[in-house]
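Comments concern the structure below.
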Amino acid sequence: MSILITPLLKKNLKDALKIYNYYIYNSFSNFEEKKVSFSDFTKNYKNITKKKLPYLAAMIDKNLVGIAYLNKFREKSGYRFAFENTIYVHNNYLKQGIGFKLLKQLITSSKTNKDIKKIVAVIGSIDSAGSIKVHKKLGFKNCGKLKKIGFKKNRWIDCIIMQKDL
Numbered sequence: 084m085s086i087l088i089t090p091l092l093k094k095n096l097k098d099a100l101k102i103y104n105y106y107i108y109n110s111f112s113n114f115e116e117k118k119v120s121f122s123d124f125t126k127n128y129k130n131i132t133k134k135k136l137p138y139l140a141a142m143i144d145k146n147l148v149g150i151a152y153l154n155k156f157r158e159k160s161g162y163r164f165a166f167e168n169t170i171y172v173h174n175n176y177l178k179q180g181i182g183f184k185l186l187k188q189l190i191t192s193s194k195t196n197k198d199i200k201k202i203v204a205v206i207g208s209i210d211s212a213g214s215i216k217v218h219k220k221l222g223f224k225n226c227g228k229l230k231k232i233g234f235k236k237n238r239w240i241d242c243i244i245m246q247k248d249l
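If you read the sequence shown in the numbering used here, its first letter stands for residue 84, the second for the next number, and so on.
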């Protein structure tokens with residue numbers, strides 16, 4: 084099985100949205116509670132790529148099996164060098180190294196953009212061992228925890244904050 088990491092193409096946005104929406108309904112890793120529309124997902128994709136930020140796809144045999152991208156960490160100008168990563172792997176392809184390859188390429192791609200100095204991972208604390216392991220393996224440091232910051236499916240969720248300096 085060969086995994087190809089490339090920029091996400093517009094033609095793959097519907098499949099990317101399926102992966103994204105899966106995690107809204109089936110996990111605590113995405114704090115959205117309602118399905119994201121194709122229009123809103125496309126708008127987000129265009130905003131990210133317009134800013135020359137990486138938006139990646141993991142492909143196996145021309146099938147999209149994962150996505151990863153960077154977006155602004157916060158809107159205030161003082162955070163202009165900090166970006167938050169997002170990674171989702173298709174639920175049928177977990178534990179195959181796809182998340183690691185996506186994050187590794189996201190870091191490599193980020194190094195070509197002089198405005199990206201810090202990458203922040205905001206990880207929901209429920210079922211997060213795999214995500215934490217991948218981030219640690221690629222040099223992210225644990226910076227702390229926001230206690231009961233998210234609320235989803237009638238549960239309070241902590242966020243683990245990890246950071247990597249480029």
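Cβ atoms here follow ideal geometry from the backbone N, Cα and C, with glycine treated the same way.
(request) May I have the straight-line CA-CA distance separating Lys219 from Gln188, to the nearest angstrom? (result) Your numbering for residue 219 matches position 136 in the sequence shown. Your numbering for residue 188 matches position 105 in the sequence shown. Approximately 15 Å, taken between the alpha carbons.
(request) Determine the burial state of Ser122: buried for a count of at least 16 other Cβ atoms within 10 Å of its Cβ, exposed for fewer. (result) Here residue 122 is taken as the residue at index 39 of the sequence shown, counted from 1. Looking at its Cβ environment, which holds fewer than 16 other Cβ atoms inside 10 Å, Ser122 is exposed.
(message) Across the segment 136 to 149 and the segment 205 to 213, are there enough close Cβ pairs to call them in contact, namely three or more that are closer than 8 Å?
(response) no
(request) On the DSSP bridge assignment, give the partners of Arg238 in chain order. (result) For this step, residue 238 is matched to residue 155 along the sequence shown. Bridge partners of Arg238: Lys235.
(request) Tell me whether Gly149 is buried or exposed, calling it buried when 16 or more other Cβ atoms sit within 10 Å of its Cβ. (result) Residue 149 sits at position 66 when you count from the first residue of the sequence shown. Gly149 comes out buried.
(request) Look at Ser193 and Pro137 and say whether their C-beta atoms are less than 8 Å apart. (result) As a working mapping, residue 193 is identified with position 110 in the sequence shown. As a working mapping, residue 137 is identified with position 54 in the sequence shown. Their beta carbons are under 8 Å apart, which means Ser193 touches Pro137 by this criterion.
(message) Can you confirm whether the segment 226 to 243 touches the segment 167 to 187 when touching is taken to mean that 3 or more C-beta pairs between the two stretches lie within less than 8 Å?
(response) no
(request) Report the three-state DSSP secondary structure of Thr132 (helix, strand or coil). (result) Counted from its first residue, the sequence shown places residue 132 at position 49. Looking at Thr132 - three-state DSSP - the assignment turns out to be helix.
(request) Can you check the segment 160 to 200 for any beta strand (DSSP E) of at least 3 residues that lies completely inside it and give the ranges in chain order? (result) 165 to 172
(request) Indicate whether the contact test is met: 3 or more Cβ pairs, each with one atom in the segment 104 to 114 and one in the segment 194 to 203, closer than 8 Å. (result) no
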